[in-house]
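For any residue, its number in the numbering used here is found by taking its place in the sequence shown, counting from 1, and adding 10. Backbone N, C-alpha and C fix where the C-beta goes; we use that ideal spot for every residue, glycine too. A quick note: this is a predicted structure, and the numbers were derived from the prediction, not measured. Note sheet for the following structure.
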Amino acid sequence: MQHITLNNGVQMPVLGFGVYQIPPEQTEQAVTDALAAGYRLLDTAAAYGNEEAVGRAIKNSGIPREELFVTTKLWVQDASAEDNTLRAFETSLTKLGLDHLDLYLMHQPFGDVYGQWRAMEALNRTGLAKAIGVANFYPDRLIDLILNNEITPQVNQIETHPFFQRTEYQDLMREHCVQHQSWGGFAEGKNDLFTNPLLAGIGKEYDKSVAQVVLRWLTQRDVIAIPKSVRAERMAENIDLFDFELTDEQMAAIATLDTGNTLFFDHHDPAMVDWLAKRRVN
Ligand code: NAP
Numbered sequence: 011m012q013h014i015t016l017n018n019g020v021q022m023p024v025l026g027f028g029v030y031q032i033p034p035e036q037t038e039q040a041v042t043d044a045l046a047a048g049y050r051l052l053d054t055a056a057a058y059g060n061e062e063a064v065g066r067a068i069k070n071s072g073i074p075r076e077e078l079f080v081t082t083k084l085w086v087q088d089a090s091a092e093d094n095t096l097r098a099f100e101t102s103l104t105k106l107g108l109d110h111l112d113l114y115l116m117h118q119p120f121g122d123v124y125g126q127w128r129a130m131e132a133l134n135r136t137g138l139a140k141a142i143g144v145a146n147f148y149p150d151r152l153i154d155l156i157l158n159n160e161i162t163p164q165v166n167q168i169e170t171h172p173f174f175q176r177t178e179y180q181d182l183m184r185e186h187c188v189q190h191q192s193w194g195g196f197a198e199g200k201n202d203l204f205t206n207p208l209l210a211g212i213g214k215e216y217d218k219s220v221a222q223v224v225l226r227w228l229t230q231r232d233v234i235a236i237p238k239s240v241r242a243e244r245m246a247e248n249i250d251l252f253d254f255e256l257t258d259e260q261m262a263a264i265a266t267l268d269t270g271n272t273l274f275f276d277h278h279d280p281a282m283v284d285w286l287a288k289r290r291v292n
């Protein structure tokens, strides 16, 4: 597995396994299968409700802790954000059965963002979170956070797939040494991604599936990908992408699929901000 070095020297696998929308009762088996398929980066969140099941799969796998890279995410915290954040972190750690996290992400750019970030900086300084970062931060919020705090986020996990490629944003993040991580790399299958003729045609040249072409395209751009699947055969397919390389022409062809717009929701939409900020977790 290839690794990417984050701005604080931490090494992060370029490909991992995401568990969003896997029901808790299915998660232990899914993570067990993913670990058996070779994934070592696991991506969960307090808001997914399946941290305990992820923790059980980790424990039962017998894989040494230092070989794993575990990410979870802090849900939106308001008043007394610093105390609440430390409590939320402890709760996640306990549910996962771990004594430290490899990456702790602020899940949304809402609530008392600066209070949350200060607490996350403290967790990073004590080594309880080896790396810290954010998710769903658009450029304006990210730059403001960087300019007004001591620690620059190591990672920004944002919607990124062939229909919303974030190329210019990746350049800006590079400038600030923030690692780009994709969520929804398959756009959850929207826009008929898995039967897209351009992607299928490229795949045919290498005897690879659309899923493999998409993950190869992301990782070849140095974007960390965390595909989700509950099927063992797809987990194996999705990790089998390090034996081919897309040409410059193929990368340019895939670039034409970009619409420049979200297929999910806009974090600037007031109704969505209201809905996300009022959701309570823990
Ligand atoms: P995704 O990975 O884009 O797509 C998952 C879908 O693709 C599932 O329906 C899965 O079905 C299907 N699939 C997987 N491999 C396939 C293959 N080889 N061929 C055909 N279909 C395939 O969606 P996602 O789960 O939303 O995103 C990935 C991860 O990003 C999440 O699990 C989560 O960890 C993270 N995420 C973060 C945020 C955030 O706000 N930070 C938001 C969303 C997601 P089966 O399961 O039936 O195989």
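Its Cα nearest to that of T95, the residue A132 stands out among A132, R75 and V233. DSSP places A44 within a helical segment (H, G or I) once states are collapsed to three. Closer than 8 Å to some heavy atom of the ligand NAP: that does not describe the Cβ of G121. With 16 or more other CB atoms across the displayed protein chains lying within 10 angstroms of its CB, T229 is buried. Per DSSP, reduced to three states, the secondary structure at Y114 is strand. In the three-state reduction of the DSSP assignment, W193 falls in the strand class. The Cβ-Cβ distance between I249 and L52 does not fall below 9 Å. Distance from the Cα of N166 is smallest, within the candidate group L182, F173 and E160, for L182. Within its own chain, the residues whose Cβ lies closer than 7 Å to the Cβ of V291, once the five positions on either side in sequence are excluded, are A56, A57 and W85, listed in chain order.
If you look at I153, you'll find it in the alpha helix (DSSP H) that goes P149 to L157. In the three-state DSSP reduction, P23 falls in the strand class (E or B). Here S192 is buried. Its C-beta has 16 or more other C-beta atoms within 10 Å. Separation of the CB atoms of N60 and Q164 is rounded to 24 Å, and the pair is thereby denied contact status at 8 Å. Between the ligand NAP and the CB of V240, the shortest heavy atom gap is smaller than 8 Å. Judged by DSSP secondary structure, Q167 falls outside any alpha helix (DSSP H) and instead within the beta strand (DSSP E) spanning V165 to E169.
Inclusion of D112 and V41 in the CB contact set at 9 Å is not warranted, their separation being larger than that value. Taking a contact as a CB-CB distance under 8 Å, the pair L203 and A197 counts as one, their CB atoms being some 5 Å apart.
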